[in-house]
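Undergrad: What follows is a single structure, and I will ask about it in a moment.
2 protein chains.
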Amino acid sequence: MSKAAKVLPDEGTGKRGPDGYLGYLLRQAANGYRHRVETSLRETGLTQPQFAALTMLDAYPEHSSADLARIALLTPQTMSTIMQNLENAALIRRHPHQEHGRKRRIELTDAGRQVLVRAKRLVYALETDLAEGFSEEEQRTVRRWLVAAGGRSLEGGAAKP
Amino acid sequence: MSKAAKVLPDEGTGKRGPDGYLGYLLRQAANGYRHRVETSLRETGLTQPQFAALTMLDAYPEHSSADLARIALLTPQTMSTIMQNLENAALIRRHPHQEHGRKRRIELTDAGRQVLVRAKRLVYALETDLAEGFSEEEQRTVRRWLVAAGGRSLEGGAAKP
DNA sequence: ACAATAATATCAGAGTTCTGACAATGAGCA
DNA sequence: TGCTCATTGTCAGAACTCTGATATTATTGT
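For the protein sequence lines, the chains are A and B, in the order given.
Residue 34 in UniProt numbering sits at position 34 of the first sequence, and the numbers go up by one each step.
Residue 27 in UniProt numbering sits at position 27 of the second sequence, and the numbers go up by one each step.
Below you can see the structure in the form of structure tokens.
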């Protein structure tokens, strides 16, 4: 680079570094982490949202797509899309719900359970990386901030000043 | 707990609260914040990435789409898509670059500049919300964590210590 | 000067996420 | 009973983001 003395800030400095806007840093952090997760999950074919959905399904079985959407703070449409992709991949199965015509019961298939086991190992390794270099108290601060930053997002119109 | 004592965790507790996985909390925080930003930007018609792109374009003019992708830690394809949408909305203009046949110079239009002014006011209000309730030192911790969490995401294989 | 490499931009395809709109079921009320 | 409303699920459309592939231009090496 010889001409025009690059005014591009180096990575990790300026607005991009620890002096940047929190919202900007938040978006980049989530992007970067999702990228690492999906690179790590490549061999399983899962995406980060699919992994999250399978994990919830395993932890809270017998629940509908709308239930899971509420847990994950997503819209029902979004969760529906994820479920369709998981069903196409034969990782889940959906049956009509007895005593409730519209609801559908969701179940992991054997393939789904096997993939989930492998995926959990991969993702939990990255999870520990996220905490590395931060004390217990600092991690508490970070968790508290993350919950506050994303907490009340789909809560209807609770804009009550 | 008569028939099926709701095992759904309440919002803000369990894996969703301050005891949850950092990766999970990070995804939800970014989702929630983006949601708030776009709700706030509704009147301008901008999305969060479009706002970020316009801001960078304003701060570092005369740069190509690929340059901006590098700054924002996105792939060139992603930034290209955003630029196309901004161009369709007549918020930016692209001219052929002199002395560089392939590059294209990007410029905010008058409409783009006007929208950006309004959008900055709206977004910066939310930005201060993100810091509310956290001391200066806690904010430093959070920033440091966010940078570490998303930092080295697109660095091909540049393991250069 | 020519060939190889790198950078820029784009197309195609997929997955996630939103809004908006709609149909079908279940529950409550006049 | 019939009407209304909330819940559940889906379709359509848009934007963002990635990977992979391709074309064009610049730079570099021999």
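Even glycine gets a Cβ: it sits at the ideal position worked out from N, Cα and C.
It should be emphasised that the depicted structure is a prediction, and the values quoted were computed from it without experimental measurement.
In the DSSP assignment, find the unbroken alpha helix (DSSP H) run with P49 of chain B in it and report its ends.
TA: Indexing the second sequence from 1 puts residue 49 of chain B at position 49. Residues Q48 to A59.
Undergrad: So, for V37 of chain B: in the same chain, excluding its five sequence neighbours on each side, which residues have a beta-carbon less than 7 Å away from its beta-carbon?
TA: Residue numbering aside, residue 37 of chain B sits at position 37 when the second sequence is read from its first letter. The answer, listed in chain order, is Q48, V123 and L126.
Undergrad: Looking only at its chain, what residues have a beta carbon closer than 8 Å to the beta carbon of L86 of chain A, apart from the 5 residues adjacent to it on each side?
TA: The residue given as residue 86 of chain A occupies position 86 in the first sequence. Only Q50, A53, L54, I92 and G112 meet the Cβ criterion.
Undergrad: So, is the C-beta of Q77 of chain A closer than 8 Å to a C-beta in chain B?
TA: Counted from its first residue, the first sequence places residue 77 of chain A at position 77. No, no contact with chain B.
Undergrad: Can you grab the Cα-Cα spacing for the pair L116 of chain B / R94 of chain B, in whole Å?
TA: On the second sequence, position 116 is the one that residue 116 of chain B refers to. On the second sequence, position 94 is the one that residue 94 of chain B refers to. Distance between the alpha carbons of L116 of chain B and R94 of chain B: 18 Å.
Undergrad: At the 8 Å Cβ level, is residue 162 of chain B part of the contact set with chain A, yes or no?
TA: The structure shown has nothing for residue 162 of chain B, since chain B only spans 1 to 161.
Undergrad: My output table needs one value for L74 of chain B: the three-state DSSP class, helix, strand or coil.
TA: Stepping through the second sequence from its first residue, residue 74 of chain B is reached at position 74. When DSSP states are grouped into helix, strand and coil, L74 of chain B belongs to the coil group.
Undergrad: Give the C-beta separation of A30 of chain B and A30 of chain A to the nearest angstrom, bearing in mind that I take them to be a contact with Cβ-Cβ under 8 Å.
TA: Here the question's residue 30 of chain B lines up with position 30 in the second sequence. Here the question's residue 30 of chain A lines up with position 30 in the first sequence. Yes, A30 of chain B and A30 of chain A are in contact; Cβ-Cβ is about 3 Å, under 8 Å.
Undergrad: Would you mind sorting R42 of chain B into buried or exposed? The rule is 16 or more other CB atoms within 10 Å of its CB.
TA: Taking the second sequence and counting its residues from 1, the one referred to as residue 42 of chain B is at position 42. Exposure of R42 of chain B is indicated by the presence of fewer than 16 other C-beta atoms within 10 angstroms of its C-beta.
Undergrad: For the beta strand (DSSP E) that L93 of chain A lies in, which residues bound it at each end?
TA: The residue you call residue 93 of chain A lines up with position 93 of the first sequence. The amino acid at residue 93 of chain A is misidentified as Leu; the sequence shows Arg. R93 of chain A -> beta strand (DSSP E) spans I92 to P96.
Undergrad: If you check the beta carbons only, do Y33 of chain B and G150 of chain A fall under 8 Å apart?
TA: Here residue 33 of chain B corresponds to residue number 33 of the second sequence, with the count starting at 1. Here residue 150 of chain A corresponds to residue number 150 of the first sequence, with the count starting at 1. For Y33 of chain B and G150 of chain A, yes; Cβs fall inside 8 Å.
Undergrad: Give me the Cβ distance between G79 of chain B and A72 of chain B, rounded to the nearest whole Å; I'm assuming they're in contact under 8 Å.
TA: Sequence index remark: in the second sequence, residue 79 of chain B carries index 79 (1-based). Sequence index remark: in the second sequence, residue 72 of chain B carries index 72 (1-based). Note on residue identity: the sequence assigns Met, not Gly, to residue 79 of chain B. The Cβ separation is near 7 Å, so the contact holds.
Undergrad: Would you identify the three-state DSSP class for E62 of chain B, choosing helix, strand or coil?
TA: Mapped onto the second sequence, residue 62 of chain B falls at position 62. It is coil, neither helix nor strand.
Undergrad: If we cut at 8 Å on Cβ distances, does L112 of chain A have a partner in chain B?
TA: Counted from its first residue, the first sequence places residue 112 of chain A at position 112. Sequence inspection shows Gly at residue 112 of chain A; the Leu mentioned does not correspond to that position. Using beta-carbon distances, G112 of chain A does not count as an interface residue toward chain B, since no partner is under 8 Å.
Undergrad: For A149 of chain B, would you say it is in contact with chain A, using Cβ-to-Cβ distances shorter than 8 Å as the test?
TA: The residue you call residue 149 of chain B lines up with position 149 of the second sequence. At a cut-off of 8 Å between C-beta atoms, A149 of chain B counts as an interface residue with respect to chain A.
Undergrad: From the beta carbon of E127 of chain A, is the nearest beta carbon of chain B less than 8 Å away?
TA: By 1-based counting over the first sequence, the position of residue 127 of chain A is 127. Yes, E127 of chain A lies at the interface with chain B (some Cβ there is under 8 Å from its Cβ).
Undergrad: If you drop the 5 nearest sequence neighbours on each side, which residues of the same chain put their C-beta closer than 6 Å to that of M83 of chain B?
TA: Translated into the one-based positions of the second sequence, residue 83 of chain B becomes position 83. Same-chain partners within the cutoff: S65.
Undergrad: Output yes if chain A places a C-beta closer than 8 Å to the C-beta of G45 of chain B; else output no.
TA: The residue you call residue 45 of chain B lines up with position 45 of the second sequence. Not one chain A Cβ lies under 8 Å of G45 of chain B.
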